[in-house]
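Reviewing the structure listed below.
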Amino acid sequence: MPDASLKKKRPLWYNLNLLDLPLPGLVSILHRISGAALFFGLLWFLFLLDMSLASEEGYARFARYVSQPLVKLALAVLLWAYLHHFCAGIRYLFLDIDKGVDLATARATSGLVLAVSLALTVILGWGLLW
Amino acid sequence: MVTRTVVGAHYGLRGWLAQRISAVVMAIYTIVLVVALAATRPAEYATWKALFGHGLMRLATLLFIVSVLLHAWVGMRDILMDYIKPAGLRLALHVAVILLLVGYAGWAAQILWRT
Chain U
43 MPDASLKKKR PLWYNLNLLD LPLPGLVSIL HRISGAALFF GLLWFLFLLD
93 MSLASEEGYA RFARYVSQPL VKLALAVLLW AYLHHFCAGI RYLFLDIDKG
143 VDLATARATS GLVLAVSLAL TVILGWGLLW
Chain D
21 MVTRTVVGAH YGLRGWLAQR ISAVVMAIYT IVLVVALAAT RPAEYATWKA
71 LFGHGLMRLA TLLFIVSVLL HAWVGMRDIL MDYIKPAGLR LALHVAVILL
121 LVGYAGWAAQ ILWRT
């Protein structure tokens, strides 16, 4: 008879340092984290859209609000979350149809996702926020 | 290659597919929005309002928000299934996610049709 209590004695060792993950793993967990961040960020985003479209004064208040450095920083972080989720999502759509599933390609495309989403954040962030 | 026959109620497949289709809709909308912003460069209320007041843009934004609803539901459901083990708490959080998402969609529709 296998002893069920033996199972409990097995050591648990979680490495929670994301940077120790291989690149595809890093893209995967960031996809999840950015998705959750966007789910909550949407509340704030709708608040901003509501304010900006409500009236002339609303738009002026919106413009003042988003010109604050901390607000800009938070918007830049959410912009990165959106762009990372976007780029990683496109990669997953290709993986779904069996494109790029071999190890070398999967590693290369995950590096590409990280680089492109950061570059787009800088470019679009510059255009939209400054 | 192992050929597997899908059995069961198929709601897992349906959710998976809804997430992919909504992802494509949102990706297209994102590109349309970036192009529209770059082309019109709205820097004051009148042009900003005109952009979202346009019939096609309003419809596209509504499709986007409905896609968010489906997509975020599947995503948040998966996250909660992975990390929240007590069934009662998980159910409560699932309900909270649905209510929040439906609320988002209703609010977005209100913002768009008031414009």
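Chains as they are written, first to last, in the working numbering: chain U, 43 to 172; chain D, 21 to 135.
Even glycine gets a Cβ: it sits at the ideal position worked out from N, Cα and C.
Collapsed DSSP secondary structure at residue i in the structure displayed
{"i": "residue 45 (chain D)", "result": "helix"}
{"i": "residue 138 (chain U)", "result": "helix"}
{"i": "residue 22 (chain D)", "result": "coil"}
{"i": "residue 148 (chain U)", "result": "helix"}
{"i": "residue 143 (chain U)", "result": "coil"}
{"i": "residue 52 (chain U)", "result": "coil"}
{"i": "residue 153 (chain U)", "result": "helix"}
{"i": "residue 167 (chain U)", "result": "helix"}
{"i": "residue 38 (chain D)", "result": "helix"}
{"i": "residue 250 (chain U)", "result": "Only positions 43 to 172 of chain U appear in this structure, which leaves residue 250 (chain U) out of reach."}
{"i": "residue 132 (chain D)", "result": "helix"}
{"i": "residue 28 (chain D)", "result": "coil"}
{"i": "residue 63 (chain U)", "result": "coil"}
Own chain residues within Cβ distance below 7 Å of residue i, not counting five before or after
{"i": "residue 60 (chain D)", "result": "67, 71"}
{"i": "residue 52 (chain D)", "result": "80"}
{"i": "residue 94 (chain U)", "result": "100, 101, 104"}
{"i": "residue 60 (chain U)", "result": "68, 71"}
{"i": "residue 158 (chain U)", "result": "129"}
Contacts around residue i, its chain only, beta-carbon distance under 8 Å, and the 5 residues preceding and following it disregarded
{"i": "residue 82 (chain D)", "result": "128, 129, 132"}
{"i": "residue 77 (chain D)", "result": "56, 71"}
{"i": "residue 143 (chain U)", "result": "137"}
{"i": "residue 38 (chain D)", "result": "90, 91, 94"}
{"i": "residue 118 (chain U)", "result": "163, 167, 171"}
{"i": "residue 100 (chain D)", "result": "110, 113, 114, 117"}
{"i": "residue 65 (chain U)", "result": "149, 152, 153, 156"}
Neighbourhood of residue i by C-beta, 6 Å cutoff - its chain only, sequence neighbours within 5 removed
{"i": "residue 42 (chain D)", "result": "87, 90, 91"}
{"i": "residue 114 (chain U)", "result": "171"}
{"i": "residue 77 (chain U)", "result": "127"}
{"i": "residue 120 (chain U)", "result": "83"}
Residue i CB to nearest heavy atom of the ligand FAD below 8 Å
{"i": "residue 82 (chain D)", "result": "No copy of the ligand FAD appears in this structure; indeed no ligand is present at all."}
For the pair the region 127 to 141 of chain U and the region 45 to 59 of chain D, tell me if three or more CB-CB distances fall below 8 Å.
yes
Enumerate, from N- to C-terminal direction, the unbroken alpha helix (DSSP H) stretches of 4 or more residues contained entirely within the region 54 to 116 of chain D.
65 to 73, 75 to 103
Is the region 62 to 72 of chain U in contact with the region 143 to 153 of chain U, if contact means three or more CB pairs nearer than 8 Å?
yes
For a minimum of 4 consecutive residues, which ranges assigned as the alpha helix (DSSP H) are wholly contained in the region 70 to 131 of chain U?
98 to 108
Could you check whether the region 92 to 108 of chain D touches the region 77 to 90 of chain U, counting it as contact only if at least three pairs of C-beta atoms, one from each stretch, sit closer than 8 Å?
yes
Touching or not, the region 116 to 135 of chain D and the region 84 to 93 of chain D, by the rule of three or more beta carbon pairs under 8 Å?
yes
Would you say the region 130 to 146 of chain U touches the region 103 to 115 of chain U, given that touching needs at least three Cβ pairs under 8 Å?
no
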